[in-house]
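In our numbering, the protein residues as written are 2 to 457. Note that beta-carbon positions come from the ideal geometry of N, C-alpha and C, so glycine has one too.
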Ligand SMILES: *Cc1c(COP(=O)(O)O)cnc(C)c1O
C-alpha cells in the first residue's frame, strides 16, 4: 500500500467505527479525518508525511512541546514500579503525594490541597459538588446556585457543559441542569458598543450583582469564570472586570472559582492566570498543561478557606474517581512541572516570547480583514471582520472563520476558529524564530481569506 492508500484506509476505518467529539459523524465518513501519526517539538506529522506547525499545542495543552523523553521515562519507570493503585479509603502513592506537595508550592498562597481528577470536566464536576458540600457543612444548604457566563467553556460532562455558556452545547440535549445560570461575558470587541473597555468591564461585572439580587444571595453558592475565556473566543477581560467581580463575591459571601484549565501552567506568562489578573479564588480547577497532555490528569486546588471547613466538620467526602491521583499520570505531571521550572518556560513566555508574539500580532491589525488582535502570554486572537472601521462582523452563515481555518489546514498550520476569531495557543517552548514562521503562515492565510471574501 502506498502512503495515500494507507491514509484512505485509515480514514475509512475511522469513519466506520470512531465517533469523534464536537464533529458531525456524517462529515467524518464523507471527508475523512486528518490522521496525525507523530510529533516533535512544535510540529506534527500526518499519515501523508506532511509536517504541520501546531499553533494550538494540541488542545491548548502541550505546554512543554512534543517528544519529551523525560516524560516517557517517568511513565515507564512508574509503570514498572506501581502501574496503578487508588487513593480511596485512606490509601495513597508516592507520586500522588509528591505532586500534591509540588502543586501546593507553585499555586498562589493559601492553596495547599488538591483533589485529583482525570480531566478538566471532572474537575468542574468536583467543583460543583465541593461548593454545595461546603455550604451544607456550614448549615446553609439552600446556597446551591452557581453563576457562570455566556460562552464559558468548563468541559463536556452534564455538569461541566451546564456550567459552560455555549448555547449549541446546551441545545444538544436540553442543558443546563437546574440551579446553574449565566450572565454576560466581558467581550468588549463584540459587545462593548460605544463604551470604553473599562466602562464595559465594570458594566458586565455588575451583571453578577444583578443576578445575585434576582436569585437571592442566600441561594447563591459560587461564581465561576476562566481568567481569560478560552474556547469562548479568547475573551480577555478589561482591567476593571476582575476587581469588580471580586468585590461583588466578597460583598455577598459567595465562593469564587477560577477555572485555570487553560490559563494554568505558564500560558499567560505567570504560573496561573489568577496571578496575571490578581484573582483571589477559593477553588481552582486545573488540567491540560498540568501534564502537557501526555497523560490525562486534572484536579481542583482547594484554598485553606474551603479546606479548613471540610476538614473541621465535613466528615467523609463522598466523591472520587477510580483513577484520582493515578500514579503514572502523577509521575508524568511532576516531571512536566520540573521541565517548566528547569527551562524557565514561564519566565520565557513573560519576558521573551509573549511580548514577541504580541508585537507580531499587533502588525496584523493593519490587515484589511482584521478588526482587533488580543494577546496575553502565549495566547493570540485575531478578529476577522467585514468592515474594520465600523466594527462590522460577517454574517455567521458566511463561516469566514471556518474558511480561514481551512486555508490554515491546507497550509500546514493549526490555527483554531471560534466563530470568526482565529486563535493560537502554541507550546510554551516556541522560539521567536518559530513565532516568525507561524506569523508568516498566518499572514498568508489571512491574505487568502481576505481574497476569498473580497476584502481589500
Ligand atoms: C478544556 C477545558 C475544560 C475541560 O477539560 P477536559 O479535560 O476536556 O475535560 C475545562 N475548563 C476549561 C477552561 C477548558 O479549557
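- Task: Could you tell me whether the stretch 281-301 touches the stretch 250-264, where touching means 3 or more Cβ pairs closer than 8 Å?
- Result: yes
- What whole-angstrom Cβ distance do residue 358 and residue 381 have, given they're in contact under 8 Å? Locating residue 358 in the chain shown gives position 357, counting from the first residue. Locating residue 381 in the chain shown gives position 380, counting from the first residue. The beta carbons of residue 358 and residue 381 sit about 6 Å from each other, so the pair counts as a contact at 8 Å.
- Under 6 Å from any heavy atom of ligand 1, does the C-beta of residue 334 make it? Position 333 of the chain shown holds residue 334. No, ligand 1 has no heavy atom inside 6 Å of this Cβ.
- Message: Just to confirm the assignment, what range does the alpha helix (DSSP H) spanning residue 173 have?
- Response: Taking the chain shown and counting its residues from 1, one reaches residue 173 at position 172. Element bounds for residue 173: 168-174.
- Taking the Cβ atom as the reference point for each residue, do residue 132 and residue 222 lie within a distance shorter than 7 Å? Locating residue 132 in the chain shown gives position 131, counting from the first residue. Locating residue 222 in the chain shown gives position 221, counting from the first residue. Cβ atoms of residue 132 and residue 222: closer than 7 Å.
- Please state whether DSSP places residue 281 in a helix, a strand or coil. Translated into the one-based positions of the chain shown, residue 281 becomes position 280. Note: residue 281 maps to coil in three-state DSSP.
- Query: Hey, residue 63 and residue 47: beta-carbon distance below 7 Å or not?
  - Reply: Numbered from its first residue, the chain shown carries residue 63 at position 62. Numbered from its first residue, the chain shown carries residue 47 at position 46. Taking 7 Å as the Cβ cut-off, residue 63 and residue 47 do not qualify as a contacting pair.
- Item | For residue 362, the three-state DSSP class (helix, strand or coil) | Against the chain shown, residue 362 aligns to sequence position 361. If DSSP states are grouped into helix, strand and coil, residue 362 belongs with the helices.
- Distance, residue 402 Cα to residue 128 Cα: Residue mapping note: residue 128 aligns to position 127 of the chain shown, counting from 1. Residue mapping note: residue 402 aligns to position 401 of the chain shown, counting from 1. So the alpha carbons of these two residues sit roughly 33 Å apart.
- Exposure of residue 214, with buried meaning 16 or more beta-carbon neighbours within 10 Å: The residue you call residue 214 lines up with position 213 of the chain shown. Its Cβ having fewer than 16 others within 10 Å, residue 214 is exposed.
- Message: With three or more C-beta pairs closer than 8 Å as the rule, is the stretch 335-346 touching the stretch 147-166?
- Response: no
- Can you tell me where the alpha helix (DSSP H) with residue 70 in it begins and where it stops? Mapped onto the chain shown, residue 70 falls at position 69. Segment 70-82, the alpha helix (DSSP H) holding residue 70.
- Message: Going by C-alpha to C-alpha distance, which of 113, 107 and 375 sits closest to residue 236?
- Response: In the chain shown, the residue the question calls residue 236 occupies position 235. Measuring from the Cα of residue 236, the nearest candidate turns out to be 375.
- Task: Please go through the same chain and pick out, in chain order, the residues whose beta-carbon is closer than 6 Å to the beta-carbon of residue 76, but skip the five residues on each side of it.
- Result: Stepping through the chain shown from its first residue, residue 76 is reached at position 75. Answer for residue 76: 329 and 333, listed in chain order.
- Would you call residue 239 buried or exposed, if buried means 16 or more other Cβ atoms sit within 10 Å of its Cβ? Numbered from 1 along the chain shown, position 238 holds the residue referred to as residue 239. So residue 239 ends up on the buried side.
- Measure the C-alpha to C-alpha separation of residue 78 and residue 72 and round it to an integer number of angstroms. Numbered from its first residue, the chain shown carries residue 78 at position 77. Numbered from its first residue, the chain shown carries residue 72 at position 71. Taking the straight line joining both Cα atoms gives about 10 Å.
- Query: Out of 362, 305 and 158, which has the shortest C-alpha to C-alpha gap to residue 256?
  - Reply: Here residue 256 is taken as the residue at index 255 of the chain shown, counted from 1. The option with the nearest alpha carbon to residue 256 is 305.
- Report the rounded CA-to-CA distance for residue 365 versus residue 444, giving the unit in angstroms. In the chain shown, counting from the first residue as 1, residue 365 sits at position 364. In the chain shown, counting from the first residue as 1, residue 444 sits at position 443. Distance between the alpha carbons of residue 365 and residue 444: 8 Å.
- How would you call residue 100, buried or exposed, if buried means at least 16 neighbouring beta carbons within 10 angstroms? By one-based count along the chain shown, residue 100 stands at place 99. With 16 or more other Cβ atoms within 10 Å, it is buried.
- Message: As a quick exercise: from 418, 121, 348 and 200, pick the residue whose alpha carbon is nearest that of residue 244.
- Response: As a first step, residue 244 is located in the chain shown; it is residue number 243 there, counting from the start. Out of 418, 121, 348 and 200, 200 has the C-alpha closest to the C-alpha of residue 244.
- Query: Whose CA, out of 138, 413 and 327, lies closest to the CA of residue 88?
  - Reply: Here residue 88 corresponds to residue number 87 of the chain shown, with the count starting at 1. When each option's Cα is compared against that of residue 88, the closest is 327.
- Message: Could you compute how far the alpha carbon of residue 40 sits from the alpha carbon of residue 407?
- Response: Here residue 40 refers to the residue found at position 39 when the chain shown is read from its first residue. Here residue 407 refers to the residue found at position 406 when the chain shown is read from its first residue. About 21 Å.
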